[in-house]
Each structure stands twice: as C-alpha cells, then as structure tokens.
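In the working numbering, the protein residues as written are 41 to 1028. Here a beta-carbon is modelled for each residue, glycine too, at the ideal position from N, C-alpha and C.
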C-alpha cells in the first residue's frame, strides 16, 4: 500500500498492531481525511503479523436497528451448534448457545431477535463478547476493524465501548474504530483512547496531488491545493471534476468564498457525476444505498442478505463504485457517494426502491418493516400489522424508540379508526416508558377517538406523564380510578372471562408490545388493568393521603380476583406498613429469591415494598446488576427507581459517599428526562444526606426546593421527606426547637399519622427533639406509642430505633440499660450505623449525667468514632464534646428521671474553674436567649463561623452539649463566686 505522509499516524498504528496486550483506539477526523486508508494500513500490518482481521462498517440504514452493527462485527466468530467453540467457558456457552435460530444462545439470541426474553444488558452482552474474543485470540491474535462507527446503532456502540475499555486484560485482542468528528455518536462518550486524524501538511498534500495528477496545469493545481486544504479525498476527486468542465465556471458551492464544509463540496462532485448516469443505473444505486451497501467490505459470511446492484458498469467507470477485492462485490467508493444518491432521488423513486427492498427482506421482519414504512402512502392493514410485529421484536432487544416510530407509523396506516387509536395508545405507552414525555403526550392525545374519551391506553399514557412530569397526583388518581372502574365493568360484561390469573401483572415494554396485535378480549383488559392499577398505586403512594389510600383499597377490594397478589402486596406495603404491612415480609423474601425469572419492573416494585419493610438486602445485588441495563435500553424511569433504592440502601449502610454519587446520577437522569417527580424525590433524598453530614445550608436549600414544588400539588410523600430532612438538619445544627416543629409536622407525639411514610421513620428525631427542648413527657409518650404500635415487629430498623427511643426516655436506669442492651444485641444493629451511633450518643449522654464520666466513656467513644467515620460532622462534634465532658463530670445522684429532667432539675456539675472570656460569655448569653449564630454575629459584629467557634469552646467548659442547656449552666455560674471570678478574670 502506497501512503503519502502520515508518518506519526503510521508509527502509532504499527505500535498498536504489534503491542502484546489488548487495547482499543478510535481514529477521529472529518469525511475524506483518510481514516479508511489508515484502517486498511492497520489491517494489512495485522495480516502480515499473522493476525485474524475482522472488518465491519456502520451503515446509516441500520442505525436504528439494535445490535445490527454488533451482529455484523461478530458473525464470523460466532460458534455453531455442530462445532461449539471449545475455548468458551460454560457461562459464555450459555450466552451463545446455538448459532442463528437453532444455535444461538440466550444473550445473543435475544439481542439479535432470534429468541424471546428480556433484552440483555450491556454488561451481560459485553462480558459474553469478551469471552468470545478471548477464545478466538487464544487460537490466533485478533484485530477488529470498524469503519464509520458514527453510524453504528447505539446498542452496538455501547457494547463496543464496554469491550474496548476492558481489553487491557485480554492479550491478543485489538479494536480499531474510525468515526467522523462532525457527527455525534456513542463513541464520543465511550472513554476510549483516541487519535485525531487531521489534514495533510502542505508538503504531503502537494506530494499526493502530484503522485495522482502529475500533469495538472499549474493554475489549476494551485486552485485544487487551496480548495482541498489537505483533505486527501478532495485532492483525488477535484482535479478530474474541474478538468471535465474546462469552459464552465466552477460552481459556487465548490469554490465560492462562503465557509461551506469540505464534505459538502465533495458531495457536489459526486452529484454531478450521478446526474450523467442513465435512470436505470441510478435506480440500482438508489436500492443499494437505501439497503446500506457498505463503503468498505466486512469479512466473513454476510450476516444479512444485501441488495446486489446489477448492470452498473457506467457507475464503476466514473469512479462512484469500486470492486471489493475479497468477494468481488460492488460497493460505494465513499459514504458521501451513497448520501448523494439518496438526496438526488425523488420521493416516488425512493418509495419504489423501498418496495423492492421490502421484498428482498421478506424473511427479516425488522428490515422489511423499515422499508415498508417508507414505501407505503395509503392506509394498509397488512403493512400496519407487519410494523407491529417488528415493534414487538425490536422492543425485546431494547429498541423502545424504534418501536415507537413503527407503532406510530402502523397507526397512520391503519384502515380502522379503532385500530389506529389502539396503536397510537400503545405507542404512547412505550414512549412514556422510554421517557419521551412530549412524544408520549402528543400520541396519547392523538389516540383519542372522536366521541370516545375513555380509551384506557390514552388514559394510561396521559396520566403517567401528568404524574411524573407535572406531579398531578390528585388528577391522576381520579382519572386512573375511573379508568379502572370502566375496565372492570367491561370485564364483567364480557362472555369469555378467564378462569385463571397470572400472579404478576405485566408492566414492561416487552409485554406491552406482545399484546399489540390482540383484540378486545379479557386477557387484553387484564393486561391494561394491571398497568392502570400499578399507576393508581404509584399515585396513591405519592399523594400520601389517608383519603386517597382508603379510596384505592376500596377499589382494589371491589376488583376481587382481578387484583393480583402482587397488587395487594404493593397496596399494603406502599400505603402504611404499621396498619397493613403485617405478614408480607416472608412473602416478599420468597418472591425475592428468584428475581432473574421475573420482569425487571416487577422486581423493582417488589424492591420498593422490601424497602418499606427495611428488607431490601436480598434484592440489592440484583439491582446493582440490572440498573445499567434498564438505563441502556431506554427504560429510564425504571432505572431511576433502582438508583433511588440503591441510594437509600447505601445511606442506611453508611456508604454516604457512594449514596451521594448515586443520587446525583439519578438527579441528572431525571432532569434530562424532564421527570420532575423523580427529580424532586432525588433532591429530597440528597437533602437528608446533606443534613446528616452536617451541610445544613445545602440541606435547607434542597428541602425548600422540594417543599415549594410538592406542597401546592399535595404530594405528601415528598413533603414528608422534606420535613424529615428539615428535622435532621435542625438536630445536627443543635436547633432542637425547629427540629421538633419539623418532626411534629409529620406526626403528633404519641401517635403515628396514618398513611404517612415518614411517621414511623422519624421516631428517633421526634423523641430527641422533644427531650432537648424539655418536652420529656411527649418524648416518653412517643416512644411508648412505638412500642404499642408493634414497630419492632414491622421491620429491623424500626425495632432498633424503638428500643433506642425507649432506652433514652426510660424513667428507670435499669430499664434503660436493659433496652440499650437490646439495641446492641439486635441482629440488624450493625446494618444501621448512623442510627446505632445516635442511640449510643443519647444513651451515653444520659449515663454521663446519672452515673459519671467513666461509665459514659465506654458508650460515647464508639459513638464518636462511628460518627466521625460516617462523616456526620455535627453529630461527631457533639459526641466529642460529650467525651471531653466525661473527663470532669463526677457521678450525679442516682436519678430515675429521663435525661431532660436530669438536665433541667439537677444539672451535672461543671468544672471547678470555668475560664470564659468576655467574648465567650457574650456569645453564650445571646445563644441562651435563643438567637442563631447569624443573629448573634449581626449583633456583636462577628461572622457566624466565629460565633460557632466560640460556642465550640464554651460547651465543654460549661459541661453542656446543646443550646437548650446554656441558660441553666450560666445561671449556675452566677451562684458560684469562684467560677464568676474566673469569668471576670477572663474579661480583663
């Protein structure tokens, strides 16, 4: 191969090909810059080194077909049933199974539409590909060459990116990809090493031009060099174009002063040549272009039949086509030729070519559907049905967006008005699940049949968007409840009711498309009923209203056997676990034992139930495995719910850094999808995390944003989360009065507000806030109410905090010790490190005041250590202050009163000498008067941070840990002359 210039690129490719370890490289540059020539060079070098070279090319016509590019790339390596690859491990064999229909395995059979099942995740498919490549490389080193990667379908590009990032540990495997720099693709964010391919230098451009056109007239030579600007394709094509028109002025698009992109100028050259061809030749070229005839050959057997262009010698002669050396097939010289062919054709010519191609691909439902959709103008029920079948196939493989397009087109071609409405409703539902809210809403509106306003599919799609984008919980609940009642009546009236019901309601996109061809049978009504019931339950959960949930429970009861066990489980656990959650924990555990055999969305909803019962642990590994698959296949809503659950579990386990990263990822996805409900839910979770980490301002800002959006809409679930975050932030800041107000905004002391998610979860917050503000009786009453409501029987976390609340409010020290021992011995104690540390801190504070510092240190030391390790800065500061106080605090007289009573009636002794400075005294007195740090700073001209530093020193000197105890401590100083003298000395 003769190549002019490119010394640096050639050296890098040679090193790439000969490197012993596996690696990937992306060549990026404009069209015509020579990327394909560099790929040819790498392939030649690899062949000379004895490597197996496999080539593939991204094709515009297949950019929307999931895994089409991967199919093309891997086909030469795939094992067949008669000769399975001995190098594949058992797991990879299970993935591959049998090749093409009879010998294709689970992941690849599903990915390539050969078998049924949920779409494989990028990880599952990527690992299978890595195993296949490693097995092939064990026999012979392997180079994969992918040209025009910008046109690879997203699913294939994601797998290639996954594989490319992991080739370092796979010796003998290399992946080389070329992409256009001006065309967006998934390789832009694949994080693979890149080599930019720029224009040739002036010297090399001159050498290339002189080598191919040595007799070019001097003025024309200078014009070509100036116009081509170092682009090799332009240097090769411009001379012939200009020499063919010596008497005609150069077209403005080619040589004019406007900054027209060079690829467009080259495309005009090809368009000029195409215009001279006979109509029959152009028709052949058009069929080849629309069918994705490659600009470069792929190796191995063709993965799918391609249109073979015939009688096109004229196009070959004028340089528009070339003969592919390996197979002798005619292919386009460059992708720009293919683009020019399509752009020059009239609409009628393109439709005629698509009809011809639909016949060619009659055995491939997806390719046939692609061409039928473009070829048909008038309504045609046969074509509409074919498009629905293609939608079913593509949805199984993660192509939700392509399914929406085909279902929409099927609706347009429907001959019957009802069928049109049904297909539009199906498209709206799939679009909603794929988080395309605007598209889903417009399809839902279009699905409405004149005179019929109760289309359940349209109600479902419209309500789904109204809930998740607008937060309209009241409206959605009313509309969906009405739709459920209508379907229930229709089911009762149907003469062929079913006698058997599946246990699990269908909810995934795949099931939606499995039902699209069915008529109005009870099975169809049941599938839609399950979807509506699921949305009704979601709206009820977010409403968090007693009235709403009671209406939902009544409606489910009226459905009788039509309400599945799963629906009843969700209703009971999502509504109020204290009143309805009993008995579900074991059934959830059994259902969670085999998540792989269930729909991912069913498992997600099951995981929500498990979270409400603090039993998410068995499902957490599954969520970690499948969350990326859900997001990769377009099921963003399902993926965000999984991220929420993972974040909540990470928060509970004390993995706060990981939880924060997960939360920010969920927030970015929800914001991008315009899912306002999930976005504000994520902000509420992040507010709680900021609160416990001591970032009070951030927590308040997030809480305020959530509350301002959710409260006017009546979204009680989110306002409860906001109040809980406010209580946590105030407790951390030592503002116990505000904490009490936030906590009692959720539920009154001594009771647990029905159907309020946070009522039981803020038990410890309310009890601590009440104790620190002197509301001892209310604190004790709330702890006893938790015991009487059997919270310990509801979930392990609630058991832990109930015993803790009872311990710190007990009127008898022996009782308190027994209850604290139950906290420490509880099997779930170590799973909730923050709750355990808080209980230790509160209990340690109690025994410091009643039994002295020595007894308290054994409890306070692990509390301080745990809080510091967690990053709960404000709580850790309180624990350290309590520890410092143990060095000087002698045992007090034995008391049977709770800590707040001990603190108020008979405060613990303070150090014999309390050297408060004058400034510390001023700050302490103002803080005791109820002023915040900011208000104190404004009054005495100090920054809030300096005020906080003064209080940080004051608290251990006075033997207190809260602002509420400052007033009593200062009163004691006024009655101790020696201590007063020290305070006065500090002011001199």
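(message) For a minimum of 4 consecutive residues, which ranges assigned as the alpha helix (DSSP H) are wholly contained in the stretch 695-747?
(response) As summarised for the stretch 695-747, the continuous alpha helix (DSSP H) elements at least 4 residues long and confined to that stretch are 696-712 and 716-732, given in chain order.
(request) Out of 528, 658, 588 and 962, point me to the one whose CA is closest to residue 600's CA. (result) Here the question's residue 600 lines up with position 560 in the chain shown. For residue 600, the nearest C-alpha among the options comes from 528.
(message) For residue 463 and residue 769, I'd like the C-alpha separation in whole angstroms.
(response) Against the chain shown, residue 463 aligns to sequence position 423. Against the chain shown, residue 769 aligns to sequence position 729. Taking the straight line from one Cα to the other gives about 50 Å.
(request) Inspect the CB distances between the stretch 198-209 and the stretch 164-173 and report whether three or more fall short of 8 Å. (result) In this structure the stretch 198-209 lies against the stretch 164-173, because at least three pairs of beta carbons, one per stretch, are closer than 8 Å.
(request) Look up residue 941 in the DSSP assignment and say whether it is helix, strand or coil. (result) Counting from one through the chain shown, the residue named residue 941 turns up at place 901. Here the model assigns residue 941 a pLDDT of 38, short of 50, so the residue's position is not dependable and the matter cannot be decided.
(message) Using a 10 Å radius around the Cβ and a threshold of 16 neighbouring Cβ atoms, would you call residue 715 buried or exposed?
(response) Translated into positions along the chain shown, residue 715 becomes position 675. Counting every other CB atom within 10 Å of its CB across the protein chains shown gives residue 715 a total of 16 or more, marking it as buried.
(message) Can you tell me whether residue 180 is buried or exposed? The criterion is at least 16 other CB atoms within 10 Å of its CB, across all chains shown.
(response) Counting from one through the chain shown, the residue named residue 180 turns up at place 140. That one is exposed.
(message) How far does the beta strand (DSSP E) with residue 187 in it extend, from its first residue to its last?
(response) Residue mapping note: residue 187 aligns to position 147 of the chain shown, counting from 1. First-last of the beta strand (DSSP E) with residue 187: 182-187.
(message) For the pair the stretch 729-742 and the stretch 756-775, tell me if three or more CB-CB distances fall below 8 Å.
(response) In short, these stretches touch, since the Cβ pair count reaches three.
(message) Measuring straight from C-alpha to C-alpha, what distance separates residue 241 and residue 270?
(response) Position 201 of the chain shown holds residue 241. Position 230 of the chain shown holds residue 270. If you draw a straight line from the Cα of residue 241 to the Cα of residue 270, it is about 6 Å long.
(message) So, for residue 509: in the same chain, excluding its five sequence neighbours on each side, which residues have a beta-carbon less than 7 Å away from its beta-carbon?
(response) Counted from its first residue, the chain shown places residue 509 at position 469. Only 477, 714, 715 and 716 meet the Cβ criterion.
(request) Could you tell me if residue 363 is buried or exposed, where buried requires 16 or more neighbouring beta carbons within 10 angstroms of its beta carbon? (result) For the purposes of this step, residue 363 is taken as residue 323 along the chain shown, with counting starting at 1. Exposed.
(request) Could you check what DSSP says for residue 236 in three-state terms: helix, strand or coil? (result) Counted from its first residue, the chain shown places residue 236 at position 196. Strand.
(request) Taking only the alpha-carbon atoms, compute the straight-line gap between residue 900 and residue 917 and give it to the nearest angstrom. (result) Against the chain shown, residue 900 aligns to sequence position 860. Against the chain shown, residue 917 aligns to sequence position 877. Cα-Cα distance, rounded: 12 Å.
(message) In whole angstroms, give me the CA-to-CA distance for residue 573 and residue 602.
(response) In the chain shown, the residue the question calls residue 573 occupies position 533. In the chain shown, the residue the question calls residue 602 occupies position 562. Rounded to the nearest whole angstrom, the CA to CA distance from residue 573 to residue 602 is 10 Å.
(request) Specify the secondary structure class of residue 218 as computed by DSSP and reduced to three states. (result) Translated into positions along the chain shown, residue 218 becomes position 178. In the three-state reduction of the DSSP assignment, residue 218 falls in the strand class, which pools E and B.
(request) On the DSSP bridge assignment, give the partners of residue 69 in chain order. (result) In the chain shown, counting from the first residue as 1, residue 69 sits at position 29. 220.
(request) To the nearest angstrom, report how far apart residue 186 and residue 112 are at their CA atoms. (result) Along the chain shown, one-based indexing puts residue 186 at 146. Along the chain shown, one-based indexing puts residue 112 at 72. Spanning the two alpha carbons is a distance of roughly 10 Å.
(message) Taking 7 Å as the limit between beta carbons, can you name the residues of its chain near residue 103, skipping five residues before and five after?
(response) Here the question's residue 103 lines up with position 63 in the chain shown. Closer than 7 Å at Cβ, skipping near neighbours: 191 and 193.
(message) Going by the DSSP bridge assignment, what does residue 370 pair with across the sheet?
(response) One-based indexing of the chain shown puts residue 370 at position 330. Residue 370 pairs with 363.
(request) Let me know if residue 56 comes out buried or exposed under the rule of 16 or more other beta-carbons within 10 Å of its beta-carbon. (result) The residue given as residue 56 occupies position 16 in the chain shown. Residue 56 is classed as buried because its beta carbon has at least 16 other beta carbons within 10 Å across all chains shown.
(message) Here's the rule: buried if 16 or more other CB atoms are within 10 angstroms of the residue's CB, otherwise exposed. What is residue 461?
(response) In the chain shown, residue 461 corresponds to position 421, counting from 1. In the assembly as shown, residue 461 is a buried residue. Its beta-carbon has 16 or more other beta-carbons within 10 Å.
(message) If contacts are defined as beta-carbon pairs under 8 Å, then residue 275 and residue 248 qualify, I think. What distance do you get, rounded to the angstrom?
(response) Taking the first residue of the chain shown as 1, we reach residue 275 at position 235. Taking the first residue of the chain shown as 1, we reach residue 248 at position 208. About 5 Å separates the beta carbons of residue 275 and residue 248, which is inside the 8 Å limit, making them a contact pair.
(request) Grab the span of the alpha helix (DSSP H) containing residue 92 for me, first residue to last. (result) Locating residue 92 in the chain shown gives position 52, counting from the first residue. According to the DSSP assignment, residue 92 belongs to no alpha helix (DSSP H) but to the beta strand (DSSP E) extending over 92-97.
(request) Could you tell me which of 70, 53 and 232 sits nearest to residue 304, measuring between CA atoms? (result) Position 264 of the chain shown, counted from the first residue, corresponds to residue 304. It is 70 whose Cα lies nearest to the Cα of residue 304.
(request) Report the three-state DSSP secondary structure of residue 352 (helix, strand or coil). (result) Here the question's residue 352 lines up with position 312 in the chain shown. Three-state DSSP puts residue 352 in coil, outside helix and strand.
(message) Just to confirm, is the Cβ distance from residue 843 to residue 862 under 8 Å?
(response) For this step, residue 843 is matched to residue 803 along the chain shown. For this step, residue 862 is matched to residue 822 along the chain shown. A contact, by the Cβ cut-off of 8 Å.
(request) Give every residue of the same chain whose Cβ lies closer than 6 Å to the Cβ of residue 686, excluding the five residues on either side of it in the sequence, and list them in chain order. (result) Start at 1 with the first residue of the chain shown, and residue 686 comes out as number 646. Cβ within range, chain order: 663 and 702.
(request) Take the Cβ of residue 89 as the centre, count every other Cβ of all protein chains shown within 10 Å, and call the residue buried at 16 or more, exposed below. (result) For this step, residue 89 is matched to residue 49 along the chain shown. The residue is exposed, with fewer than 16 neighbouring Cβ atoms inside 10 Å.
(message) Counting beta carbon pairs with one atom in the stretch 722-738 and one in the stretch 903-920, are three or more of them shorter than 8 Å?
(response) Enough Cβ pairs lie closer than 8 Å, so yes.
(request) Provide the residue span of the alpha helix (DSSP H) that contains residue 874, from first to last. (result) Residue numbering aside, residue 874 sits at position 834 when the chain shown is read from its first letter. In the DSSP assignment, residue 874 falls within the alpha helix (DSSP H) that extends over 873-891.
(request) Name the one or two DSSP bridge partners that residue 63 has. (result) The residue labelled residue 63 in the question sits at position 23 within the chain shown. BP columns for residue 63 point to 214.
(request) For residue 282, name the three-state secondary structure that DSSP assigns. (result) Here residue 282 corresponds to residue number 242 of the chain shown, with the count starting at 1. Of the three classes helix, strand and coil, the one that applies to residue 282 here is helix, per DSSP.
(message) With a threshold of 6 Å on Cβ separation, who are the neighbours of residue 689 within its own chain once the five nearest residues in sequence on each side are excluded?
(response) For the purposes of this step, residue 689 is taken as the residue at position 649 of the chain shown. Excluding sequence neighbours, residue 689 sits near 656 and 660.
(request) Indicate the three-state DSSP secondary structure (helix, strand or coil) for residue 1000 in the structure shown. (result) Residue numbering aside, residue 1000 sits at position 960 when the chain shown is read from its first letter. Secondary structure at residue 1000: coil, using DSSP grouped into helix, strand and coil.
(request) Determine the contact status of residue 840 and residue 857, defining contact as a CB-CB distance below 8 Å. (result) As a working mapping, residue 840 is identified with position 800 in the chain shown. As a working mapping, residue 857 is identified with position 817 in the chain shown. It is not a contact, given that the beta carbons lie outside the stated cut-off.
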